[in-house]
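The structure under discussion appears below in the form of structure tokens.
Below, the structure is given as structure tokens:
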């Protein structure tokens, strides 16, 4: 109520609102942000709130999604003209993105000149890429509405402005973008070009040389956004490119946060499956994708994909669900959703194919039931899956005792006498999620220590000890830190 009417805020102490920004109740924090905006107080605490990571746990939700607090804090920075606060915040990696997001909405000389100065002062490529993107957004303003034109039945939804026009700072921005782009590392240039195009700026009109391989540069880039999705998609599907580059383009999509990149990867896999040569060439890439740890954080996306995807993309979605259901990295909530996906797909041929491809013997009963189906096509796929499962090497079941019952010494003695099965080991390596942190070939991008040549470096007894009792030797390579 103190800041409800802008015309009646005289004498209101803003310190009360600043203190409320630290309140435990998110609704109080939200009203404090709105109040500071109404008071016109450009307080630096607003930038910290705009940069806060979003916690969507039920206790912290506001209007079902507490992204609203950082969003309104950013808008408050714009409304209060906090250009200097945001310019100072660029130097801090924690507040950088929020500061740039606010600055790109401030069409005034202080924001523009401040960004240009920052661009000239630093050689930090990721930072300069962000500054160039912000300047690209500031290049235009929305043309003043003439009171006549309005939306038609086919509205222009390109954005970010309805009718972009240049303004007094555009010439300075144009010169700064050209100079900054020329000095930028080539691996970051595609992001700037894509950003300019998104803002409806013709790079050629700025004198920018666009003759670079966007996909190759994006692959080499350490930081990727959604603007990289389309160039990487095209590269992954371009049969004139080298297989290694196509695979790298596909993997680069996995570094982009959000569901759009994930769904694009599924679409690429569907296209690859249409060509036998691609199926063989990219089989390792697809397998790595299936066991990617990032899937642990997208249960609802996988549920939607299992319902909406078709063909090879649906098979891959089910394979992801099958491995997550059994993964030691998954929590109970995730396993429950994956189990629900599998149960609902019991009459889908794609699920049966996925079970066969992944060797998920735990779902043999489901497959056996499907093999008796009156649906001839479904029964045929189920029988083929059963044949695959029957051909899968089985683990020994002569000794029902658990390792904890055997003890370290007896378990070691039994393992030293046992004969290994490379085929079964390969399946267990995948099934037990080892593949999440280790690769099966040195030709693949390394995730963690390469284990393929462990047998050449250590004796069998040493390997058994490392598995059964890692505290004896292996863990000694890691120093415990107390906080």
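In the UniProt record's numbering, the protein residues as written are 1 to 483. Where is the CB? At the ideal position from N, CA and C, for every residue including glycine.
- Query: Going by the CB atoms, is the gap between residue 69 and residue 26 shorter than 8 Å?
  - Reply: yes
- Query: If you pair each beta-carbon of the segment 174-183 with each one of the segment 132-146, do three or more pairs fall below 8 Å?
  - Reply: Enough Cβ pairs lie closer than 8 Å, so yes.
- Task: Can you have a look at residue 53 and say buried or exposed, based on whether 16 or more other CB atoms are within 10 angstroms of its CB?
- Result: exposed
- Task: Identify, in the order they occur along the chain, each residue of the same chain with its Cβ nearer than 8 Å to the Cβ of residue 295, setting aside the five sequence neighbours on each side.
- Result: 302, 320 and 324
- Per-residue burial, residue 49 [other beta carbons within 10 Å of its own, 16 or more giving buried]: buried
- Query: By Cβ distance, which residues of its chain are closer than 7 Å to residue 104, with the 5 residues on each side in sequence left out?
  - Reply: In its chain, beyond the 5 residues on either side, 134, 137 and 138 have a beta carbon closer than 7 Å to the beta carbon of residue 104.
- Message: Does the contact criterion of 3 or more C-beta pairs under 8 Å hold for the segment 235-245 versus the segment 264-283?
- Response: yes
- Under 8 Å between C-beta atoms of residue 486 and residue 412: An answer regarding residue 486 cannot be provided, because it is not within the stretch 1 to 483 covered by the chain.
- Item | C-alpha distance - residue 140 paired with residue 23, whole-angstrom precision | 39 Å
- Task: Kindly list the residues whose CB is nearer than 8 Å to the CB of residue 172, restricted to its own chain and excluding five residues on each side of it in sequence; keep chain order.
- Result: 112, 113 and 116
- Contact the segment 120-127 vs the segment 154-167: 3+ CB pairs below 8 Å: Because the criterion of three Cβ pairs below 8 Å is not met, the segment 120-127 and the segment 154-167 do not touch.
- Query: Apart from the five residues just before and just after residue 95, which ones in its own chain have a Cβ nearer than 7 Å to its Cβ?
  - Reply: 47, 48, 51 and 89
- Query: In angstroms, rounded to a whole number, what distance separates the CA positions of residue 261 and residue 464?
  - Reply: 40 Å
- For the segment 199-208 against the segment 226-239, are there 3 or more C-beta pairs whose distance is under 8 Å? no
- Give a yes or no on whether the C-beta atoms belonging to residue 362 and residue 318 are separated by under 8 Å. no
- Item | First through last residue of the alpha helix (DSSP H) which encompasses residue 94 | 93-103
- Query: Grouping DSSP H, G and I as helix and E and B as strand, with all else coil, what is residue 375?
  - Reply: coil
- When burial is assigned at 16 or more other CB atoms within 10 Å of the CB, is residue 169 buried or exposed? Residue 169 comes out buried.
- Message: Less than 8 Å between the C-beta atoms of residue 18 and residue 43, yes or no?
- Response: yes
- Item | Continuous alpha helix (DSSP H) stretch holding residue 284: start and end | 283-290
- Task: Measure from the alpha carbon of residue 101 to the alpha carbon of each residue in 86, 213 and 237, then state which is nearest.
- Result: 86
- Task: Please report the Cβ distance between residue 382 and residue 370, rounded to the nearest whole angstrom; I am assuming they are in contact, meaning their Cβ atoms lie under 8 Å.
- Result: The Cβ separation is near 4 Å, so the contact holds.
- Query: With 16 as the cutoff for other CB atoms within 10 Å, does residue 145 come out buried or exposed?
  - Reply: Label assigned to residue 145: exposed.
- Task: Starting from residue 166, follow the beta strand (DSSP E) in both directions and report where the run begins and ends.
- Result: 164-166 is the extent of the beta strand (DSSP E) around residue 166.
- Quick one: what's got a C-beta closer than 8 Å to residue 364's C-beta in the same chain, skipping five residues either side? 386 and 389
- residue 107 - DSSP class collapsed to helix/strand/coil: coil
- Message: Per the DSSP calculation, residue 209 is bridged to which residue(s)?
- Response: In DSSP, residue 209 forms no bridge with anything.
- Message: Please state the DSSP three-state secondary structure of residue 54.
- Response: coil
- Would you kindly report the start and end of the unbroken alpha helix (DSSP H) that includes residue 142? It is not in any alpha helix (DSSP H) - residue 142 instead sits in the beta strand (DSSP E) that spans 140-142.
- How close, in whole Å, do the beta carbons of residue 37 and residue 99 come, if the pair is a contact with beta carbons under 8 Å? About 17 Å separates the two Cβ atoms, so there is no contact after all.
- Query: In terms of residue numbering, what span does the alpha helix (DSSP H) encompassing residue 75 cover?
  - Reply: 68-79
- Straight-line gap, residue 416 to residue 434 (C-alpha atoms, nearest Å): 22 Å
- Between residue 376 and residue 310, what straight-line distance do the alpha-carbon atoms span, to the nearest angstrom? 20 Å
- Task: Mark residue 165 as exposed unless 16 or more other C-beta atoms lie within 10 angstroms of its C-beta, in which case mark it buried.
- Result: exposed
- Query: Going by the beta-carbon positions, is the gap between residue 214 and residue 186 smaller than 8 Å?
  - Reply: No Cβ-Cβ contact shorter than 8 Å links residue 214 with residue 186.
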